[in-house]
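Novice: For reference, the structure I am asking about is given below.
2 protein chains.
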Amino acid sequence: MKKTEPAPKKPLPPQATIRRLSVYLRYLNGLDGDGVKVISSHDLARRLALNPAQVRKDLAYFGEFGKRGVGYSVKKLRDHIVKILGLQKMRKVAIIGAGGRLGTALALYTGFEKRNFKVCALFDKDPAVIGNEVDGVGRILSIEELPRTVKETGIEILVLTIPAAAIKEVHDIIMLSGVRAILNFAPYKMLSTEDVAVHNVDLTTELEALSYLLSLRESGLTSLENNLPADNE
Amino acid sequence: MKKTEPAPKKPLPPQATIRRLSVYLRYLNGLDGDGVKVISSHDLARRLALNPAQVRKDLAYFGEFGKRGVGYSVKKLRDHIVKILGLQKMRKVAIIGAGGRLGTALALYTGFEKRNFKVCALFDKDPAVIGNEVDGVGRILSIEELPRTVKETGIEILVLTIPAAAIKEVHDIIMLSGVRAILNFAPYKMLSTEDVAVHNVDLTTELEALSYLLSLRESGLTSLENNLPADNE
DNA sequence: CAAACTTTGTGATATAATGCTCATATTATA
DNA sequence: TATAATATGAGCATTATATCACAAAGTTTG
Numbered sequence: 001m002k003k004t005e006p007a008p009k010k011p012l013p014p015q016a017t018i019r020r021l022s023v024y025l026r027y028l029n030g031l032d033g034d035g036v037k038v039i040s041s042h043d044l045a046r047r048l049a050l051n052p053a054q055v056r057k058d059l060a061y062f063g064e065f066g067k068r069g070v071g072y073s074v075k076k077l078r079d080h081i082v083k084i085l086g087l088q089k090m091r092k093v094a095i096i097g098a099g100g101r102l103g104t105a106l107a108l109y110t111g112f113e114k115r116n117f118k119v120c121a122l123f124d125k126d127p128a129v130i131g132n133e134v135d136g137v138g139r140i141l142s143i144e145e146l147p148r149t150v151k152e153t154g155i156e157i158l159v160l161t162i163p164a165a166a167i168k169e170v171h172d173i174i175m176l177s178g179v180r181a182i183l184n185f186a187p188y189k190m191l192s193t194e195d196v197a198v199h200n201v202d203l204t205t206e207l208e209a210l211s212y213l214l215s216l217r218e219s220g221l222t223s224l225e226n227n228l229p230a231d232n233e
Numbered sequence: 234m235k236k237t238e239p240a241p242k243k244p245l246p247p248q249a250t251i252r253r254l255s256v257y258l259r260y261l262n263g264l265d266g267d268g269v270k271v272i273s274s275h276d277l278a279r280r281l282a283l284n285p286a287q288v289r290k291d292l293a294y295f296g297e298f299g300k301r302g303v304g305y306s307v308k309k310l311r312d313h314i315v316k317i318l319g320l321q322k323m324r325k326v327a328i329i330g331a332g333g334r335l336g337t338a339l340a341l342y343t344g345f346e347k348r349n350f351k352v353c354a355l356f357d358k359d360p361a362v363i364g365n366e367v368d369g370v371g372r373i374l375s376i377e378e379l380p381r382t383v384k385e386t387g388i389e390i391l392v393l394t395i396p397a398a399a400i401k402e403v404h405d406i407i408m409l410s411g412v413r414a415i416l417n418f419a420p421y422k423m424l425s426t427e428d429v430a431v432h433n434v435d436l437t438t439e440l441e442a443l444s445y446l447l448s449l450r451e452s453g454l455t456s457l458e459n460n461l462p463a464d465n466e
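Chains as they are written, first to last, in this note's numbering: chain A, 1 to 233; chain B, 234 to 466.
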């Protein structure tokens, strides 16, 4: 009787690979819309300013999707990536801080539904906005109702759009609410735990990183044009 | 006569370092507000779930700011990071797609000004919103006015909050407008050039990366709790 | 003021991500 | 069916990034 598997051979894919898969997916959707049937790693890479080998390696983490001498079937590859990222299943999302500008903007953003994310609950701490109706989503609930709603509705992802100062107050109720993932826009670095994966998106940090590049150029490091830190994402 | 410098010894700091500097800066501001005078790399690292050596190395790219046996002066370190990131100088920002939800939310977000970014012009392509007044910022201008306004006002950074489909139309006018940096929220990967640094922030990609983690756990890779891809940023 | 303790800054080392190269598979063509 | 052309997948090389470990510097204590 053997111990377990014969040896998984492949290491876990890096997070950067996962991000790129999402970008590939979007591009593939566009190609499919244009009627393109097949794409090579070379062409994919060129459009996205990546190395073709990187594209192939990213995909090879998950199987052999391509055909030598031909390339990748746009539709098949798209379907594979959808499965890899777990996007066949609709994911329920709630927004915390839905009374604020950013929260409202995201609550009303229709782009998520196209990708199978459904905003289906809104929360806030401020009594002044609790009860307000948001078109097509529902009324804003008190944050106190979060744990119950998460369980009843099956919410998996929380989007946090609250001020930094408010985090401490809601931190525990959020982490213990039963959600498995958080997308945090508050300018305060939340840490992942065993139970809850957190991704922080810090708009100020993004601007400051750009400011750094600006001041590099100002300070006359002229031929920085090479090794320029390039774009992220 | 020597060729140039005696040899810069230090390599360029990675982008990840720059991002972390921004995070350090925010935390240092908080500490300063709380009256904390000195912080060690160890304490800083603990709060931000980093390695102390990484904190020290990040800072060491730019000089020797600490005191052995003591730590870093909160105020001094804060001031150094401000200089490194070029934040002593106010940076003028314009928003393209200011008629949309996200654009409006960002235009009205007051958090940027605290960090010395000033939103001072708004643009859109849609005649239905051009001319609309946005409190405290001004009227929405036609995108046609972008190049002139950039030059006259000294705008350095553009924030793009337009639909993906609209990018192709405005791509050239933006890249040639004279700005040096772009923060792109549109779900379309824009590429950096020699003249214009682009950072892409893709909200859908963030959600999809979280979805991947969710489906990993669903598929029963139980003891993933170790090597969990953790948080980004 | 010496000994014990703390904490930085950095060279050495480990880990990870990216890029290169080529054997192999597929298609097209003559 | 052989030949040329294309493009994947995988192993290896290279580069980039993160961590370790320790000497040097500063502080505190007795």
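Glycine included, every Cβ here is placed at the ideal spot set by N, Cα and C.
1. Please classify S73 of chain A: does DSSP put it in a helix, a strand, or coil?
2. Using a Cβ-Cβ cut-off of 8 angstroms (strictly less than) and excluding sequence neighbours within five positions of L335 of chain B, which residues of its own chain qualify?
3. Would you check if there are 3 or more beta carbon pairs closer than 8 angstroms linking the region 279-287 of chain B to the region 314-330 of chain B?
4. For E218 of chain A, would you say it is in contact with chain B, using Cβ-to-Cβ distances shorter than 9 angstroms as the test?
5. At which residue ranges does the region 129-179 of chain A contain complete beta strand (DSSP E) runs of 3 or more residues, listed in the order of the chain?
6. Give a yes or no on whether 9 angstroms exceeds the smallest Cβ distance from R311 of chain B to chain A.
7. According to the Cβ coordinates, are A197 of chain A and A181 of chain A closer than 9 angstroms?
8. Quick check: D368 of chain B and G332 of chain B, are their CB atoms within less than 9 angstroms of each other?
9. Among A:K189, A:R139, A:A121, which residue has its Cα nearest to the Cα of V129 of chain A?
10. Taking the continuous beta strand (DSSP E) assigned at A209 of chain A, which residues delimit it?
11. Determine whether the Cβ of H199 of chain A lies closer than 9 angstroms to any Cβ atom of chain B.
12. Please compile the residues from chain A whose C-beta is within a distance smaller than 7 angstroms of the C-beta of R259 of chain B.
13. Of all Cβ atoms in chain A, is any one closer than 9 angstroms to the Cβ of Y294 of chain B?
14. Using the C-alpha atoms, what's the distance from D195 of chain A back to S410 of chain B?
15. Over what stretch of residues does the alpha helix (DSSP H) that includes V55 of chain A continue unbroken?
16. Note down, in chain order, every chain B residue with its Cβ under 8 angstroms from the Cβ of Q54 of chain A.
17. Looking at T250 of chain B and Y294 of chain B, is the spacing between their C-beta atoms short of 9 angstroms?
18. At 8 angstroms on the CB atoms, spell out the chain B contacts of A166 of chain A, in chain order.
19. Taking C-beta pairs closer than 9 angstroms, name the residues in chain A that F345 of chain B reaches, listed in chain order.
Specialist: Judging by the given coordinates:
1. If you number the first sequence from 1, residue 73 of chain A lands on position 73. The answer is strand: DSSP assigns S73 of chain A an E or B state.
2. Translated into the one-based positions of the second sequence, residue 335 of chain B becomes position 102. Shown here for L335 of chain B: same chain residues with a beta carbon closer than 8 angstroms to its own, the five before and five after excluded, namely T394, F418 in chain order.
3. By the criterion of at least three beta-carbon pairs nearer than 8 angstroms, the region 279-287 of chain B is not in contact with the region 314-330 of chain B.
4. Here residue 218 of chain A is taken as the residue at index 218 of the first sequence, counted from 1. True, the Cβ-Cβ gap to chain B drops below 9 angstroms.
5. Whole beta strand (DSSP E) segments, 3+ residues: 138-142, 157-160.
6. Here the question's residue 311 of chain B lines up with position 78 in the second sequence. Closer than 9 angstroms: no.
7. Position 197 of the first sequence holds residue 197 of chain A. Position 181 of the first sequence holds residue 181 of chain A. Contact: yes.
8. The residue given as residue 368 of chain B occupies position 135 in the second sequence. The residue given as residue 332 of chain B occupies position 99 in the second sequence. D368 of chain B places its beta carbon 9 angstroms or farther from that of G332 of chain B.
9. For this step, residue 129 of chain A is matched to residue 129 along the first sequence. From the listed residues A:K189, A:R139, A:A121, the smallest Cα separation to V129 of chain A is found for A:R139.
10. Position 209 of the first sequence, counting from 1, holds the residue named residue 209 of chain A. Careful: A209 of chain A lies outside any beta strand (DSSP E), inside the alpha helix (DSSP H) at 203-218.
11. Position 199 of the first sequence holds residue 199 of chain A. By this cut-off, H199 of chain A is an interface position.
12. Sequence index remark: in the second sequence, residue 259 of chain B carries index 26 (1-based). Ordered by position in chain A, the residues that pass the 7 angstroms Cβ test against R259 of chain B are P187.
13. As a first step, residue 294 of chain B is located in the second sequence; it is residue number 61 there, counting from the start. Proximity of Y294 of chain B to chain A, defined by a Cβ-Cβ separation below 9 angstroms, is not satisfied.
14. Stepping through the second sequence from its first residue, residue 410 of chain B is reached at position 177. Stepping through the first sequence from its first residue, residue 195 of chain A is reached at position 195. Each residue's alpha carbon lies about 46 angstroms from the other.
15. Stepping through the first sequence from its first residue, residue 55 of chain A is reached at position 55. V55 of chain A -> alpha helix (DSSP H) spans 52-60.
16. Along the first sequence, read from residue 1 onward, the residue named residue 54 of chain A stands at position 54. Within chain B, no residue comes near Q54 of chain A; the closest Cβ sits about 14 angstroms away, beyond 8 angstroms.
17. Counted from its first residue, the second sequence places residue 294 of chain B at position 61. Counted from its first residue, the second sequence places residue 250 of chain B at position 17. Yes, they are a contact pair.
18. Walking along the first sequence from the start, residue 166 of chain A turns up at place 166. Contact annotation for A166 of chain A against chain B: no contact, minimum CB-CB distance about 13 angstroms [criterion: below 8 angstroms].
19. Sequence index remark: in the second sequence, residue 345 of chain B carries index 112 (1-based). L203, T204, L207, listed in chain order.
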